[in-house]
Amino acid sequence: MRTHVADHPLVAHKLTALRDENTDSPTFRRLADELVTLLAYEATRDVRTEPTRITTPVAPTTGIRLASPKPLVVPILRAGLGMLDGMVRLLPTAEVGFLGMIRDEQTLQASTYATRLPDDLSGRQCYVLDPMLATGGTLIAAMNFLIQRGATDITAIALLAAPEGIAAMEQAFGAGPVPVTVVTAGLDERLNEHGYIVPGLGDAGDRLYGVV
Ligand code: URA
Numbered sequence: 000m001r002t003h004v005a006d007h008p009l010v011a012h013k014l015t016a017l018r019d020e021n022t023d024s025p026t027f028r029r030l031a032d033e034l035v036t037l038l039a040y041e042a043t044r045d046v047r048t049e050p051t052r053i054t055t056p057v058a059p060t061t062g063i064r065l066a067s068p069k070p071l072v073v074p075i076l077r078a079g080l081g082m083l084d085g086m087v088r089l090l091p092t093a094e095v096g097f098l099g100m101i102r103d104e105q106t107l108q109a110s111t112y113a114t115r116l117p118d119d120l121s122g123r124q125c126y127v128l129d130p131m132l133a134t135g136g137t138l139i140a141a142m143n144f145l146i147q148r149g150a151t152d153i154t155a156i157a158l159l160a161a162p163e164g165i166a167a168m169e170q171a172f173g174a175g176p177v178p179v180t181v182v183t184a185g186l187d188e189r190l191n192e193h194g195y196i197v198p199g200l201g202d203a204g205d206r207l208y209g210v211v
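Heads up: the sequence shown is residues 0 to 211, going by this note's numbering.
The structure is reproduced here in structure tokens:
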């Protein structure tokens, strides 16, 4: 498994504002959106392409375009929805599938409550969006879901990750046949006893959409 922590002053600047407890929901949503677009640039470094012939006003030339099948972007509901626009801004031709997962706050176990995904993901590059890679339970369950449907290459994009979550992902996918990459804006210190990332940014879903 490959883990990439974005190392860029603009990412660090936006992440600091995102973490601040005084940042209101509209600003939080905008910052999350901007951060994802910056992370998407890094996450799509290995997106599959194919050569294509075009003619410029001056001469014929060969360029590249995104290969088929198109990449699939999968936001994990609900908080991953706050990352969708920022991602498809960079990959407008990607298809979008949805996976609803909820974490039991006592056991920290993730379960699936909604899916809208192609049945066959053979040969698809998948980009999974989940703002917080905490214990890794939700993301591991989501990735296994995609692998069972045939996904052959998965990149997870998280605004923040905890070392415990990265270790769990490494254990789950490190030796597996499907290449897995994690791209995040920050690798924090640890999880607290409630499974929250420290220092983190609190509950990403609540900060995006309110406590509902
Ligand atoms: N989910 C969140 O929203 N925040 C955390 O810190 C951990 C999991």
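All C-beta atoms, glycine included, are put in the ideal place defined by N, C-alpha and C.
If you measure from each CB to the nearest heavy atom of ligand 1, the residues under 5 angstroms come out as 131, 133, 195, 196, 199, 202, 203.
The C-beta separation of residue 134 from residue 163 comes to about 6 angstroms, placing the pair in contact by the 8 angstroms criterion. Excluding five sequence positions before and after residue 49, the CB atoms of its chain that fall closer than 7 angstroms to its own CB belong to 63, 64, 66, given in chain order. With a cutoff of 7 angstroms on beta-carbon distance, residue 145 and residue 138 are scored as not near each other.
In this chain, the alpha helix (DSSP H) harbouring residue 10 covers 8-18. In the three-state reduction of the DSSP assignment, residue 83 falls in the helix class, which pools H, G and I. Rounded to the nearest whole angstrom, the C-alpha separation of residue 109 and residue 98 is 12 angstroms. Two segments are said to touch when three or more pairs of C-beta atoms, one from each, lie closer than 8 angstroms; by this definition the region 90-104 touches the region 66-78. As computed with DSSP, residue 112 is found in no beta bridge at all. Exclusion of the five residues before and after residue 96 leaves 71, 73, 115, 116, 117 as the residues of its chain whose Cβ lies within less than 7 angstroms of its Cβ.
Under the criterion of beta carbons closer than 8 angstroms, residue 194 and residue 107 qualify as touching, at roughly 5 angstroms.
By the Cβ criterion, the region 181-200 is in contact with the region 0-14, since at least three pairs of Cβ atoms, one from each stretch, lie closer than 8 angstroms. Exclusion of the five residues before and after residue 39 leaves 86, 89 as the residues of its chain whose Cβ lies within less than 6 angstroms of its Cβ. Between residue 9 and residue 30, the gap from beta carbon to beta carbon reaches 7 angstroms or more. CA-to-CA, the gap between residue 14 and residue 34 works out to about 8 angstroms. Judged by DSSP in its simplified three-state form, residue 136 adopts helix. The Cβ atoms of residue 120 and residue 148 sit closer than 7 angstroms to each other.
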